[in-house]
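Those protein sequences? They're chains Y and E, same order as listed. So the first sequence is numbered by the UniProt record's numbering: it starts at 1 and just counts up by one. So the second sequence is numbered by the UniProt record's numbering: it starts at 1 and just counts up by one. Ideal placement from N, C-alpha and C gives every residue a C-beta, glycine not left out. Values in this document were obtained by computation on a predicted structure and should not be read as measured data. Each remark here refers to the structure printed beneath this line.
Number of protein chains: 2
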Amino acid sequence: MPRKPVARNAVLDAFETLLIEVGERGATLEAVAAKAGVSKGGLLYHFPNKEALIAALLDRFDELAQEEVEAMKTAPEGAGVYFIKASVWDGGPLDRSFVAASRLAEVAHEETQRRFAGIQQQWLEVLTAELGEDLARAVRYMSDGLYFNAVLENGGGREMDPSKTDAEVESLLRILELVRGKG
Amino acid sequence: MPRKPVARNAVLDAFETLLIEVGERGATLEAVAAKAGVSKGGLLYHFPNKEALIAALLDRFDELAQEEVEAMKTAPEGAGVYFIKASVWDGGPLDRSFVAASRLAEVAHEETQRRFAGIQQQWLEVLTAELGEDLARAVRYMSDGLYFNAVLENGGGREMDPSKTDAEVESLLRILELVRGKG
DNA sequence: GTCTATAAACTGATAGAC
DNA sequence: GTCTATCAGTTTATAGAC
Numbered sequence: 001m002p003r004k005p006v007a008r009n010a011v012l013d014a015f016e017t018l019l020i021e022v023g024e025r026g027a028t029l030e031a032v033a034a035k036a037g038v039s040k041g042g043l044l045y046h047f048p049n050k051e052a053l054i055a056a057l058l059d060r061f062d063e064l065a066q067e068e069v070e071a072m073k074t075a076p077e078g079a080g081v082y083f084i085k086a087s088v089w090d091g092g093p094l095d096r097s098f099v100a101a102s103r104l105a106e107v108a109h110e111e112t113q114r115r116f117a118g119i120q121q122q123w124l125e126v127l128t129a130e131l132g133e134d135l136a137r138a139v140r141y142m143s144d145g146l147y148f149n150a151v152l153e154n155g156g157g158r159e160m161d162p163s164k165t166d167a168e169v170e171s172l173l174r175i176l177e178l179v180r181g182k183g
Numbered sequence: 001m002p003r004k005p006v007a008r009n010a011v012l013d014a015f016e017t018l019l020i021e022v023g024e025r026g027a028t029l030e031a032v033a034a035k036a037g038v039s040k041g042g043l044l045y046h047f048p049n050k051e052a053l054i055a056a057l058l059d060r061f062d063e064l065a066q067e068e069v070e071a072m073k074t075a076p077e078g079a080g081v082y083f084i085k086a087s088v089w090d091g092g093p094l095d096r097s098f099v100a101a102s103r104l105a106e107v108a109h110e111e112t113q114r115r116f117a118g119i120q121q122q123w124l125e126v127l128t129a130e131l132g133e134d135l136a137r138a139v140r141y142m143s144d145g146l147y148f149n150a151v152l153e154n155g156g157g158r159e160m161d162p163s164k165t166d167a168e169v170e171s172l173l174r175i176l177e178l179v180r181g182k183g
């Protein structure tokens, strides 16, 4: 694979960050260029228009989501436990990619919505293989709920209290274990 | 309480619909006015600026959320079961209000984020009283996950398959009953 | 590869007629 | 209460210099 220029990645990171922090509306080409340390013209050399910028973001999201599928399958603690733990916002690449992409889906960007559906379907299949349909769905929705709250609360870029979110995840894991022991 | 003019409510409904269907960016004053069947000037008579429009939307969201708290408390099937069932998108007033407001939260609108947090806190308290902390959190996140998916999938205004969503809710309710029987 | 300058379209908001 | 006309500020994108 060809080595991408540094500026290109800086632009992509800046776009992602702005989507997370100020939403789709605030992620203007000018704001992205400024955050990436290039001019608007320089940005548009690497990405001829805004759709190209979005496409690159979605490609990266797909890559990271694919890695996550593998990680789930090989996780020692099991796919379900791994998945819930991974759904807590920790500022990692997949979390950032997920939230940024969700901001685009929310403005009714059709291609983004399609990609999201595909990725979530893959995750659900791995969960179902381990947990069965009912519990897999429960885990999937709990994970989505965790992300939904990251999406809502992280708008202003404020940090989340790690001990608080840890306690929340422990709650969910206890429920998961309870059902596995019983079901 | 004073009777609000018809046009005013038509504008508010149009704003809500556009937020749901095309997102915050597409819900421009011009688009809202057109959908409500008034001119931009007419719209701005009732709502002096866009913030006023948002404020009215949030007030209605608060009202409906408050009614939901009461409905949860008095639901014969219990707050948890009622809450999960109510979290499925059915195009009702609270669902629409919730999704519309989430679109504003996603563009980092601070006041909207604050209101959301307050409402979710109230809902969680009712759930905790009935289910205990762990299960209440699980139910809360499953509900959020349900809404998150409504937010994502409903962007294009497409309908959801009722039988499919019904089956999904049954899945979640079985898990809930299982834990209640055990926990 | 990166910049400045600028065009073309759009958005929120004001002024004033009816 | 509702409309048309219009302005000022933004946003995406293009053209062309370096």
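>> Within 7 Å of any Cβ in chain E, is that where the Cβ of residue 142 of chain Y sits?
In response: Within the first sequence, the letter at position 142 stands for residue 142 of chain Y. Judged by the 7 Å Cβ criterion, residue 142 of chain Y is in contact with chain E.
> If you count every other CB in all the chains shown that lies within 10 Å of the CB of residue 74 of chain Y, and 16 or more means buried, which is it?
Replying inline: The residue given as residue 74 of chain Y occupies position 74 in the first sequence. With fewer than 16 other Cβ atoms within 10 Å, it is exposed.
> When the cut-off is 7 Å and only beta carbons count, does residue 88 of chain E lie next to chain Y?
Replying inline: Here residue 88 of chain E is taken as the residue at index 88 of the second sequence, counted from 1. Cβ-Cβ to chain Y under 7 Å: no for residue 88 of chain E.
>> Starting from residue 143 of chain E, trace the alpha helix (DSSP H) in both directions and tell me its first and last residue.
In response: Walking along the second sequence from the start, residue 143 of chain E turns up at place 143. It spans 133 to 153 - the alpha helix (DSSP H) in which residue 143 of chain E sits, taken as one unbroken run.
> In chain order, what residues of the region 122 to 149 of chain E put their CB closer than 9 Å to some CB of chain Y?
Replying inline: The residues in question are 133, 134, 135, 136, 137, 138, 140, 141, 142, 143, 144, 145, 146, 147, 148 and 149.
>> Just verifying my parser: in three-state terms, what is the DSSP assignment at residue 108 of chain E?
In response: On the second sequence, position 108 is the one that residue 108 of chain E refers to. Of the three classes helix, strand and coil, the one that applies to residue 108 of chain E here is coil, per DSSP.
> Out of curiosity, what's the CA-to-CA distance linking residue 130 of chain E and residue 32 of chain Y?
Replying inline: The residue given as residue 130 of chain E occupies position 130 in the second sequence. The residue given as residue 32 of chain Y occupies position 32 in the first sequence. Distance between the alpha carbons of residue 130 of chain E and residue 32 of chain Y is about 47 Å.
>> For a test of the three-state rule: what should DSSP assign to residue 49 of chain E, helix, strand or coil?
In response: Here residue 49 of chain E refers to the residue found at position 49 of the second sequence. In the structure shown, residue 49 of chain E falls within a coil segment according to DSSP collapsed to helix, strand and coil.
>> I need the DSSP call for residue 187 of chain Y, collapsed to helix, strand or coil.
In response: Outside the modelled stretch of chain Y, which goes from 1 to 183, sits residue 187 of chain Y, for which no answer is possible.
> Taking the alpha-carbon positions, what's the residue 64 of chain E to residue 24 of chain Y distance?
Replying inline: For the purposes of this step, residue 64 of chain E is taken as residue 64 along the second sequence, with counting starting at 1. For the purposes of this step, residue 24 of chain Y is taken as residue 24 along the first sequence, with counting starting at 1. One C-alpha to the other measures close to 28 Å.
> Alpha carbon to alpha carbon, how far is residue 195 of chain Y from residue 66 of chain E?
Replying inline: Only positions 1 to 183 of chain Y appear in this structure, which leaves residue 195 of chain Y out of reach.
>> Output needed for residue 16 of chain Y: all residues of its chain with C-beta closer than 6 Å, excluding positions within five of it in sequence on either side, in chain order.
In response: Against the first sequence, residue 16 of chain Y aligns to sequence position 16. Answer for residue 16 of chain Y: 96 and 100, listed in chain order.
>> Between which two residues does the alpha helix (DSSP H) holding residue 87 of chain E run?
In response: Indexing the second sequence from 1 puts residue 87 of chain E at position 87. Per DSSP, residue 87 of chain E lies in no alpha helix (DSSP H) segment and is marked neither H nor E.
> Between residue 122 of chain E and the rest of its own chain, which residues show a CB-CB distance below 6 Å, the 5 nearest in sequence each way excluded?
Replying inline: Working through the second sequence from its first residue, we reach residue 122 of chain E at position 122. Cβ within range, chain order: 69.
> Alpha carbon to alpha carbon, what distance is there between residue 43 of chain E and residue 51 of chain E?
Replying inline: Counting from one through the second sequence, the residue named residue 51 of chain E turns up at place 51. Counting from one through the second sequence, the residue named residue 43 of chain E turns up at place 43. Counting only the Cα atoms, residue 43 of chain E lies some 13 Å from residue 51 of chain E.
>> Could you tell me the alpha carbon to alpha carbon distance between residue 27 of chain Y and residue 12 of chain E, rounded to whole angstroms?
In response: Numbered from its first residue, the first sequence carries residue 27 of chain Y at position 27. Numbered from its first residue, the second sequence carries residue 12 of chain E at position 12. Straight-line Cα distance between these residues: approximately 27 Å.
>> I want to verify the contact list: residues of chain Y whose CB lies under 9 Å from the CB of residue 175 of chain E, in sequence order.
In response: For the purposes of this step, residue 175 of chain E is taken as residue 175 along the second sequence, with counting starting at 1. Near residue 175 of chain E (Cβ distances below 9 Å), the residues of chain Y are 134, 135, 137, 138, 175, 179 and 183.
> Can you find a CB in chain Y that lies within less than 7 Å of the CB of residue 235 of chain E?
Replying inline: Since the first and last residues shown for chain E are 1 and 183, residue 235 of chain E lies out of range.
>> Can you look up residue 160 of chain E in the DSSP assignment and give me helix, strand or coil?
In response: Position 160 of the second sequence holds residue 160 of chain E. Residue state, collapsed to three classes: coil.
> On the three-state DSSP scale, how would you describe residue 118 of chain Y?
Replying inline: Taking the first residue of the first sequence as position 1, residue 118 of chain Y is located at position 118. Correct three-state label for residue 118 of chain Y: helix.
> Shorter than 7 Å from the beta carbon of residue 171 of chain E to some beta carbon of chain Y?
Replying inline: Locating residue 171 of chain E in the second sequence gives position 171, where the first residue counts as 1. True, the Cβ-Cβ gap to chain Y drops below 7 Å.
> What is the C-beta distance between residue 58 of chain Y and residue 140 of chain Y, in whole angstroms, given that I count them as a contact (C-beta under 8 Å)?
Replying inline: Within the first sequence, the letter at position 58 stands for residue 58 of chain Y. Within the first sequence, the letter at position 140 stands for residue 140 of chain Y. Going by Cβ atoms, the distance from residue 58 of chain Y to residue 140 of chain Y rounds to 21 Å, so no, they are not a contact pair.
> Taking C-alpha atoms, which residue in Y:160, Y:182, Y:113 and Y:8 lies nearest to residue 45 of chain Y?
Replying inline: Mapped onto the first sequence, residue 45 of chain Y falls at position 45. Considering only alpha carbons, the answer is Y:8.
> Any residues in the region 15 to 44 of chain Y with a beta carbon nearer than 9 Å to a beta carbon of chain E? Which ones, in chain order?
Replying inline: Residues 21, 22, 23, 24, 25 and 26.
> Among E:152, E:86, E:137 and E:167, which one has its Cα closest to the Cα of residue 176 of chain Y?
Replying inline: Residue numbering aside, residue 176 of chain Y sits at position 176 when the first sequence is read from its first letter. If we check each option's Cα against that of residue 176 of chain Y, E:137 comes out closest.
> Going by the beta-carbon positions, is the gap between residue 215 of chain E and residue 179 of chain Y smaller than 7 Å?
Replying inline: This structure gives no information on residue 215 of chain E, because the portion of chain E shown stretches from 1 to 183.
>> If the criterion is Cβ atoms closer than 7 Å, does the pair residue 54 of chain Y and residue 172 of chain Y meet it?
In response: Position 54 of the first sequence, counting from 1, holds the residue named residue 54 of chain Y. Position 172 of the first sequence, counting from 1, holds the residue named residue 172 of chain Y. The answer is no: Cβ separation not under 7 Å.
> Quick one: what's got a C-beta closer than 8 Å to residue 151 of chain Y's C-beta in the same chain, skipping five residues either side?
Replying inline: Locating residue 151 of chain Y in the first sequence gives position 151, counting from the first residue. So the list reads 99, 102 and 103, once near-sequence residues are dropped.
>> Which residues in chain Y have a C-beta closer than 8 Å to the C-beta of residue 116 of chain E? List them in chain order.
In response: Within the second sequence, residue 116 of chain E is the residue found at index 116, counting from 1. Per Cβ cutoff of 8 Å: 152.
> In the structure shown, what three-state DSSP assignment does residue 76 of chain E receive?
Replying inline: Indexing the second sequence from 1 puts residue 76 of chain E at position 76. Under the three-state reduction of DSSP, residue 76 of chain E is assigned to coil, being neither helix nor strand.
>> I'd like to know if residue 70 of chain Y contacts chain E, where contact means its C-beta is closer than 7 Å to some C-beta of that chain.
In response: As a position in the first sequence, residue 70 of chain Y is number 70, starting the count at 1. No - not a single Cβ of chain E is within 7 Å of the one on residue 70 of chain Y.
> For residue 134 of chain E versus residue 174 of chain Y, is the C-beta distance shorter than 7 Å?
Replying inline: Counting from one through the second sequence, the residue named residue 134 of chain E turns up at place 134. Counting from one through the first sequence, the residue named residue 174 of chain Y turns up at place 174. For residue 134 of chain E and residue 174 of chain Y, yes; Cβs fall inside 7 Å.
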